[in-house]
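Everything in the sequence shown is counted per this note's numbering, starting at 9 for the first residue and increasing by one. Backbone N, C-alpha and C fix where the C-beta goes; we use that ideal spot for every residue, glycine too.
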Amino acid sequence: MTDNINQKLNAIERSCQKVMNQINEIALYNQEKVLSAFQKEKIALGHFAPSSGYGYDDIARPKLCALYADIFKAEKAFISPLVTCGTHAIFLALRASLCPGDLAISITGKPYDTLLDCLYGKNIGSLADDGIKFETIPMLGSKINLKRVLNELANKKPKLVYIQRSRGYSKRKTLTIEYLEDVFKEIRKVCPKTIIMVDN
Numbered sequence: 009m010t011d012n013i014n015q016k017l018n019a020i021e022r023s024c025q026k027v028m029n030q031i032n033e034i035a036l037y038n039q040e041k042v043l044s045a046f047q048k049e050k051i052a053l054g055h056f057a058p059s060s061g062y063g064y065d066d067i068a069r070p071k072l073c074a075l076y077a078d079i080f081k082a083e084k085a086f087i088s089p090l091v092t093c094g095t096h097a098i099f100l101a102l103r104a105s106l107c108p109g110d111l112a113i114s115i116t117g118k119p120y121d122t123l124l125d126c127l128y129g130k131n132i133g134s135l136a137d138d139g140i141k142f143e144t145i146p147m148l149g150s151k152i153n154l155k156r157v158l159n160e161l162a163n164k165k166p167k168l169v170y171i172q173r174s175r176g177y178s179k180r181k182t183l184t185i186e187y188l189e190d191v192f193k194e195i196r197k198v199c200p201k202t203i204i205m206v207d208n
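Below, the structure written as structure tokens:
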């Protein structure tokens, strides 16, 4: 009985070996990437000490941001336990990029429902409350309506173009990075200084 179970387990393990090897390779790659970032940023035991919570002489805070930026190959990163969710992070990025009177245009249609109050809400500190306009251009199925987008960008010169990669609650496909790279090149021809913000 035990031999039969062991034989079955061994057969299952052999059938999964290729996938397990791929997982191990990815894990080792990511472990090396993170350890390398720790070394590059000279992370030490002192960076794990508690602080007052006010941020005074908190040597760990900028190191943590630099660490994430290095790991994810970004120019900069902002990491904080005070950012409570994805919607909060998106709203913070929009507020940091836009001033009263600015225009932002979503070229992937209407954003997530959870973001709508942040954009258009009344008397709650929304973008609209601060005189920031947020317009949308509907997609053509799973593609950005590039002809209309380029025309509107050329005419309106928005401060920011917003792109939602994920399909969210819609039926369209998620936008690939390769596809968006081509879109970005076309946007840059029309609006070289416009901020391109991607909800990745």
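First through last residue of the alpha helix (DSSP H) which encompasses residue i
i: Phe46; result: 10 to 48
i: Ser114; result: Here Ser114 belongs to no alpha helix (DSSP H); instead the beta strand (DSSP E) covers 111 to 114.
i: Tyr128; result: 121 to 128
i: Lys1; result: Residue 1 lies beyond the range of the chain shown here (9 to 208); nothing can be said about it.
i: Glu160; result: 154 to 164
Run of the beta strand (DSSP E) containing residue i, from where it starts to where it stops
i: Thr144; result: 141 to 144
i: Tyr170; result: 168 to 172
Cβ-Cβ distance between residue i and residue j below 7 Å
i: Phe86; j: Cys107; result: no
i: His55; j: Lys71; result: yes
i: Ser150; j: Arg173; result: no
i: Ile185; j: Ile152; result: no
i: Val198; j: Leu154; result: no
i: Gly129; j: Gly109; result: no
i: Leu75; j: Ala97; result: no
Per-residue DSSP class, three states only, for residue i
i: Ile51; result: coil
i: Ile98; result: helix
i: Tyr62; result: coil
i: Val206; result: strand
i: Leu72; result: helix
Residue nearest to residue i in terms of C-alpha spacing, selected from the options
i: Asn38; options: Phe80, Arg22, Thr10; result: Phe80
i: Ile113; options: Ile203, Arg175, Asn208; result: Ile203
i: Ala104; options: Leu135, Ala82, Ala77, Tyr76; result: Leu135
i: Arg156; options: Ile132, Glu194, Leu123; result: Glu194
i: Lys141; options: Leu168, Phe192, Asp121; result: Leu168
i: Asn208; options: Ile13, Pro58, Tyr120; result: Tyr120
i: Leu158; options: Val91, Asp190, Gly139, Ile98; result: Asp190
i: Glu143; options: Lys164, Ala77, Gly133; result: Lys164
Where residue i falls, given that 16 or more other Cβ within 10 Å makes a residue buried
i: Pro2; result: The structure shown does not extend to residue 2, since the chain is modelled only from 9 to 208, so the question has no answer here.
i: Met147; result: buried
i: Ile13; result: exposed
i: Glu49; result: buried
i: Leu53; result: exposed
i: Ile31; result: exposed
Cβ of residue i within 7 Å of any chain B Cβ
i: Pro119; result: The displayed structure is made up of one protein chain only, and chain B is not part of it.
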